[in-house]
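Report on one structure; see the data block that follows.
Protein chains: 2
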Amino acid sequence: MTTAGTEPAPGLRDRKKRRTRAALAEAALRLVAERGLAQVTVEEISEAADVSPRTFFNYFACKDDALVGDHAGDVERLVARLAAAPPGAAVLTALRAALDEVIEEIHAERELWCLRMDVVARNPALLPRLLAGNAETERAIVEVVAARVGVDPDHGYPALVTAVSGAALRTAMARWAAHSDGPDLADLVDEAFAALAAGLPQPDRS
Amino acid sequence: MTTAGTEPAPGLRDRKKRRTRAALAEAALRLVAERGLAQVTVEEISEAADVSPRTFFNYFACKDDALVGDHAGDVERLVARLAAAPPGAAVLTALRAALDEVIEEIHAERELWCLRMDVVARNPALLPRLLAGNAETERAIVEVVAARVGVDPDHGYPALVTAVSGAALRTAMARWAAHSDGPDLADLVDEAFAALAAGLPQPDRS
DNA sequence: TATAAGTTTGCACAACCTGCAAGATTGCTT
DNA sequence: AAGCAATCTTGCAGGTTGTGCAAACTTATA
C-alpha cells in the first residue's frame, strides 16, 4: 500500500481553511477572554481574523462554537482506544488510559486551552460542548463502556461511570488551567481518578 | 412569635405573577418537547401563555431560562442543610441526605420534570443551567464541602466531590425520567451514591 | 488555458434580546 | 370611594445572531 490512511498532501486549499479556522477560533478566545462573551460581536471576531462576518458562519454554526473548538476527532479516538483496551482492567483504569492522547493534545496547545477554560468557567453555557457533557459524546462512551462491562446500556452503571469520569476530567482541567505553575494535567487527572476508584475518601486536612 | 418567617399573604399581584411565570414555563416546555427548541419561537410561547412577547423577557432573560426553571432557592436550601449536617458523617452521605428536599420537590412536579429532562437531553446546551453544573451553584457547594472537610477550597477534593455528585444526580434523573414506570428518583440517587462511595466497582453482568 | 469544484462575500430576512416610555393593574391611604 | 404610588404589561425602535441564496473569486485538474 502507498501510505494509505495518511493524508496524502494538505494542499493549499486545506491549509488555508485550517488557518482561517484557527485564526477565527483564536481571535474569538482572545477577545472574549479580554472583554467577556457579550461584549464581543461576530463582526469583531471576523475583523480580527480578516474575513467577512458571513465567512465566520461558514466555519462555525454559532459564536459559541468558535470558543469551544471541535473535539469530535478526540472523542472518536478515545472511544477506539477504550474499545481496544485489554478487557481485564477496571473501567476507570481503562478510561484513564484512554484519556492519554487527549491530555497530550491539550498540553500541546496549553495557552489556548487556558484561555478556553477561563472563558468556559465564566460562561458555563459553553460547558456541555466541551470534552464532556455533549450528548453524542456521552452516548458513544456509554455504549462502549456498556459493551466493555457486559451490561445493558440501560443499566445505569455505564452512564454513571461516563458522567462521573467527565466530571473528574473537568475539575482536573479547571485546576490545571487555574494556576499555570501547578502540576501537569496528567497528574491531576491521575489524582482525580484515584480518588474516584477509592470511593472519594475524605482527604487528610492539609 | 406570630408565624414570622412565613409569607404573610401572597396577594393578588404575586399570585398573578406566579401564574404567568408558570404558564410561560409550561407552555415553553410543552411546545419545545413537541417540536424541538429551534422550531419554537418566543412569540409562540408568549401566545400560548396569553401575554405579549415583551412580557416573556420580563420573566426570563432568554428562551432557555423558561425551560430550565429557577432553582436558586433549592440550591440555597441544599447548602444550608449541608452546612447543618452532623460533622461526623462522610461527605457523600451528607450530600445525599441534603438532596432529599430537592428530590421531593422534583417528585411533586413529576410531569413537568419529565418534560424538562427530555428537552434537556435533546438540547445539551441547557444542561449547565439545571440543578448541577451552574457556576455559582457549584461554587457555593464547593465552599461548604471544603469547610465541612476542613481543607482549602483549592485542594481539588471539594470540587471533585461536587462535580461528581452532580453528575451522579444527573444520571439518576435521566434514568428516572426515561422510563416512568421505573423506581423512585430517591432510590436511583441512592444507588448512584452507593456506587460512588464503593469506588464504582464493576457490577454483576445481569 | 479551459473547466470543474470549492470558498468567500454581500444581501435579504427571521428570530433573539434590550432599553425606553406610555398605558394598565394592583395596593395603600385618606 | 377616590386618588396616589408602585408595579406590571405592552409596543416600538434597534442592535446582534444565524441562515439561505446567488454572484464573485480562488484553487485543482485536464
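So the protein lines, in turn, are chains A and B.
Each step along the first sequence adds one to the number in the numbering used here, with nothing skipped, and position 181 is 181.
With positions in the second sequence counted from 1, the corresponding number in the numbering used here is that position plus 1000.
Backbone N, C-alpha and C define an ideal beta-carbon position, used for all residues, glycine too.
- Evaluate G36 (chain A) with the Cβ neighbour count: other Cβ atoms within 10 Å of its Cβ, from every protein chain shown; 16 or more gives buried, anything less gives exposed. As a position in the first sequence, residue 36 (chain A) is number 36, starting the count at 1. Label assigned to G36 (chain A): exposed.
- Using the C-alpha atoms, what's the distance from R1148 (chain B) back to A1125 (chain B)? Position 125 of the second sequence, counting from 1, holds the residue named residue 1125 (chain B). Position 148 of the second sequence, counting from 1, holds the residue named residue 1148 (chain B). A1125 (chain B) and R1148 (chain B): Cα-Cα distance of roughly 32 Å.
- C-alpha distance - A1135 (chain B) paired with G11 (chain A), whole-angstrom precision: The residue you call residue 1135 (chain B) lines up with position 135 of the second sequence. The residue you call residue 11 (chain A) lines up with position 11 of the first sequence. Roughly 43 Å separates the two Cα atoms.
- Count the other C-beta atoms from every protein chain shown that fall within 10 angstroms of the C-beta of T3 (chain A), then say buried if there are 16 or more, exposed otherwise. Looking up residue 3 (chain A) in the first sequence gives position 3. Interpretation of T3 (chain A) is limited by its pLDDT of 41, a score under 50 that renders its predicted location unreliable; the figure taken from the coordinates is listed afterwards. It is exposed - the Cβ of T3 (chain A) has fewer than 16 other Cβ atoms within 10 Å.
- Query: Is V119 (chain A) closer than 8 Å to A33 (chain A) when the C-beta atoms are compared?
  - Reply: For the purposes of this step, residue 33 (chain A) is identified with residue 33 of the first sequence, where counting begins at 1. For the purposes of this step, residue 119 (chain A) is identified with residue 119 of the first sequence, where counting begins at 1. It is a contact, given that the beta carbons lie within the stated cut-off.
- Task: Answer yes or no: do L1031 (chain B) and A1048 (chain B) have a C-beta to C-beta separation smaller than 8 Å?
- Result: Against the second sequence, residue 1031 (chain B) aligns to sequence position 31. Against the second sequence, residue 1048 (chain B) aligns to sequence position 48. A contact, by the Cβ cut-off of 8 Å.
- Query: By how many angstroms is the C-alpha of T1041 (chain B) removed from the C-alpha of L88 (chain A)?
  - Reply: Position 88 of the first sequence, counting from 1, holds the residue named residue 88 (chain A). Position 41 of the second sequence, counting from 1, holds the residue named residue 1041 (chain B). Contrary to the premise, residue 88 (chain A) reads as Gly rather than Leu in this sequence. The alpha-carbon atoms of G88 (chain A) and T1041 (chain B) are separated by roughly 51 Å.
- Item | Proximal chain A residues relative to A1192 (chain B), where beta-carbon distance stays under 7 Å | Taking the first residue of the second sequence as position 1, residue 1192 (chain B) is located at position 192. Correct list: L160.
- How big is the Cα-Cα spacing for T171 (chain A) and L99 (chain A)? Counting from 1 along the first sequence, the entry for residue 171 (chain A) is found at position 171. Counting from 1 along the first sequence, the entry for residue 99 (chain A) is found at position 99. Distance between the alpha carbons of T171 (chain A) and L99 (chain A): 14 Å.
- Just the chain B side, please: which residues come within less than 8 Å of G166 (chain A) by C-beta, in chain order? On the first sequence, residue 166 (chain A) is found 166 positions in, with the first residue counted as 1. The contacting residues are A1167.
- Message: Tell me which residues share the same chain as F1060 (chain B) and place their Cβ nearer than 6 Å to its Cβ, disregarding the 5 neighbours each side in the sequence.
- Response: On the second sequence, residue 1060 (chain B) is found 60 positions in, with the first residue counted as 1. Taken in chain order, the residues that qualify are A1066.
- Touching or not, the region 1153-1168 of chain B and the region 183-195 of chain A, by the rule of three or more beta carbon pairs under 8 Å? yes
- Query: For V75 (chain A) versus A167 (chain A), is the C-beta spacing smaller than 8 Å?
  - Reply: Your numbering for residue 75 (chain A) matches position 75 in the first sequence. Your numbering for residue 167 (chain A) matches position 167 in the first sequence. Their beta carbons are not under 8 Å apart, which means V75 (chain A) does not touch A167 (chain A) by this criterion.
- Message: Check whether chain B comes within 8 Å of T2 (chain A), counting only Cβ atoms and requiring the distance to be less than that.
- Response: The sequence position of residue 2 (chain A) within the first sequence is 2, counting from 1. Any reading at T2 (chain A) must be qualified, since the residue scores a pLDDT of 41, below 50, and its modelled position is unreliable; the value itself is stated next. Chain B contact via Cβ: absent.
- Item | Exposed unless 16 or more other CB atoms sit within 10 angstroms - verdict on S1046 (chain B) | Here the question's residue 1046 (chain B) lines up with position 46 in the second sequence. So S1046 (chain B) ends up on the buried side.
- Chain-ordered chain A contacts of R1170 (chain B) [CB-CB under 8 Å]: For the purposes of this step, residue 1170 (chain B) is taken as residue 170 along the second sequence, with counting starting at 1. The answer, in chain order, is A163.
- Task: Taking N1134 (chain B) as the query, report the chain A residues whose CB atoms sit under 9 Å from its CB, ordered along the chain.
- Result: Residue 1134 (chain B) sits at position 134 when you count from the first residue of the second sequence. Here the neighbours are P124.
- Query: Between V177 (chain A) and M117 (chain A), which are expected to be in contact by the criterion C-beta below 8 Å, what is the C-beta distance as a whole number of angstroms?
  - Reply: Walking along the first sequence from the start, residue 177 (chain A) turns up at place 177. Walking along the first sequence from the start, residue 117 (chain A) turns up at place 117. As written in the sequence, residue 177 (chain A) is Ala, which differs from the Val given in the question. 4 Å between Cβ atoms; contact.
- Can you give the Cα-Cα distance for A146 (chain A) and A83 (chain A), rounded to whole angstroms? The residue you call residue 146 (chain A) lines up with position 146 of the first sequence. The residue you call residue 83 (chain A) lines up with position 83 of the first sequence. The alpha-carbon atoms of A146 (chain A) and A83 (chain A) are separated by roughly 10 Å.
- Does any residue of chain B bring its CB to less than 8 Å from the CB of P183 (chain A)? Numbered from its first residue, the first sequence carries residue 183 (chain A) at position 183. No, its Cβ sits nowhere closer than 8 Å to a Cβ of chain B.
- Query: Leaving out five residues before and five after E1111 (chain B) in sequence, what residues of the same chain have Cβ atoms less than 8 Å from its Cβ?
  - Reply: The residue you call residue 1111 (chain B) lines up with position 111 of the second sequence. The answer is none, since no qualifying residue turns up.
- Message: For the region 69-88 of chain A, list every residue whose C-beta sits within 7 Å of some C-beta in chain B, in sequence order.
- Response: none
- Task: Quick one: give me the first and last residue of the alpha helix (DSSP H) that E1105 (chain B) is part of.
- Result: In the second sequence, residue 1105 (chain B) corresponds to position 105, counting from 1. Element bounds for E1105 (chain B): 1100-1108.
- Message: Between which residues of its own chain and D1184 (chain B) is the CB-CB distance below 7 Å, once the five residues before and five after are set aside?
- Response: On the second sequence, position 184 is the one that residue 1184 (chain B) refers to. Closer than 7 Å at the Cβ level, and outside the excluded window around D1184 (chain B), lies no residue.
- Message: At the 8 Å Cβ level, is V1189 (chain B) part of the contact set with chain A, yes or no?
- Response: Mapped onto the second sequence, residue 1189 (chain B) falls at position 189. With 8 Å as the cut-off, V1189 (chain B) does not count as an interface residue toward chain A.
- Going along chain B, which residues have a C-beta under 9 Å from Y59 (chain A)? Along the first sequence, one-based indexing puts residue 59 (chain A) at 59. Those within 9 Å of Y59 (chain A) in chain B number zero; the least Cβ separation is about 19 Å.
- Message: Tell me the residue span of the alpha helix (DSSP H) that contains A147 (chain A).
- Response: As a first step, residue 147 (chain A) is located in the first sequence; it is residue number 147 there, counting from the start. A147 (chain A) -> alpha helix (DSSP H) spans 135-149.
- Message: On the CB-based measure, 16 or more other CB atoms within 10 Å of its CB, does P1128 (chain B) come out buried or exposed?
- Response: Reading the second sequence from its first residue, position 128 is the one you call residue 1128 (chain B). With 16 or more Cβ atoms within 10 Å of its Cβ, P1128 (chain B) is classed as buried.
- Cross-chain neighbours of R205 (chain A) in chain B, by beta carbon under 8 Å: Here residue 205 (chain A) refers to the residue found at position 205 when the first sequence is read from its first residue. Residues of chain B passing the Cβ test: V1149, G1150, V1151.
- Query: Under the three-state reduction of DSSP, which class applies to H1179 (chain B): helix, strand or coil?
  - Reply: Here residue 1179 (chain B) corresponds to residue number 179 of the second sequence, with the count starting at 1. If DSSP states are grouped into helix, strand and coil, H1179 (chain B) belongs with coil.
- Message: Please classify G73 (chain A) as buried or exposed, where buried requires at least 16 neighbouring CB atoms within 10 angstroms.
- Response: As a first step, residue 73 (chain A) is located in the first sequence; it is residue number 73 there, counting from the start. With fewer than 16 Cβ atoms within 10 Å of its Cβ, G73 (chain A) is classed as exposed.
- Item | Top-ranked residue by Cα proximity to E101 (chain A), from A:A90, A:P86, A:H71 | Within the first sequence, residue 101 (chain A) is the residue found at index 101, counting from 1. Of A:A90, A:P86, A:H71, the residue nearest in Cα terms is A:H71.
- Item | Partner residues on chain A for Q1039 (chain B), Cβ-Cβ distance less than 7 Å | To locate residue 1039 (chain B), count along the second sequence from 1; it is residue 39. Within 7 Å Cβ-Cβ: nothing; Q1039 (chain B) doesn't reach chain A, min ~16 Å.
- Using beta-carbon positions only, say whether V1189 (chain B) and I1103 (chain B) come within less than 8 Å of one another. Start at 1 with the first residue of the second sequence, and residue 1189 (chain B) comes out as number 189. Start at 1 with the first residue of the second sequence, and residue 1103 (chain B) comes out as number 103. Against a cut-off of 8 Å, the Cβ pair of I1103 (chain B) and V1189 (chain B) comes out as a contact.
- Item | Assigned secondary structure, P10 (chain A) (DSSP; H/G/I helix, E/B strand, else coil) | The residue you call residue 10 (chain A) lines up with position 10 of the first sequence. Reduced to three states, the DSSP call for P10 (chain A) is coil.
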